[in-house]
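Each residue of the sequence shown is one higher than the last, beginning at 1 in the UniProt record's numbering.
Ideal placement from N, C-alpha and C gives every residue a C-beta, glycine not left out.
All of these numbers come straight from a predicted model, not from anything done at the bench.
Beneath this line is the structure, given in structure tokens, with notes to follow.
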Amino acid sequence: MQFQADILGKPLERAANLETTAMGAAFLAGLAVGFWQDTDELKKIFKMGKRFEPQMSEARRENLYAGWQQAVAATQLFKHRPLPKA
């Protein structure tokens, strides 16, 4: 997640519970059956874990992005090329 924060130039927060998919499903099910009244109750339960602050310089970020754009452009050369037969 540090790389994502660096590339986006924005801080990111990771949930304390890394099983957020299961937790999200449980939250939605609980809301659907009335176990929780609203999302305000869920906000009291949900805990944030680690915060990732951007550490990459803007120059480095722009350089990496330019390289990524070049890589994407290079792959476009192959999009109409037929696959070899096995």
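With distances taken between CB atoms, is the gap from residue i to residue j smaller than 8 Å?
i, j, result
"P11", "R61", "no"
"G49", "A15", "yes"
"G9", "P54", "yes"
Pull up the distance between the alpha-carbon of residue i and that of residue j, whole angstroms please.
i, j, result
"A59", "Q4", "16 Å"
"K47", "A29", "19 Å"
"T74", "G34", "For the sequence presented, residue 74 should be read as Ala rather than Thr. When rounded, the distance between both Cα atoms is 53 Å."
"D38", "E19", "21 Å"
"Q69", "M23", "36 Å"
"W36", "E13", "24 Å"
"K85", "V72", "25 Å"
"L31", "S57", "43 Å"
Got a sec: is the Cβ-Cβ distance from residue i to anything in chain B below 8 Å?
i, result
"P11", "Looking at the structure shown, chain B is missing, and only one protein chain is on hand."
Output the boundary residues of the beta strand (DSSP E) element that contains residue i.
i, result
"A15", "12-15"
"K50", "48-52"
Please report the residue range of the alpha helix (DSSP H) in which residue i lies.
i, result
"M23", "20-32"
"G67", "58-76"
"A86", "No alpha helix (DSSP H) contains A86, which DSSP labels as neither H nor E."
Which residue's Cα is closest to the Cα of residue i: the options?
i, options, result
"N17", "P82, R81, A86, I45", "I45"
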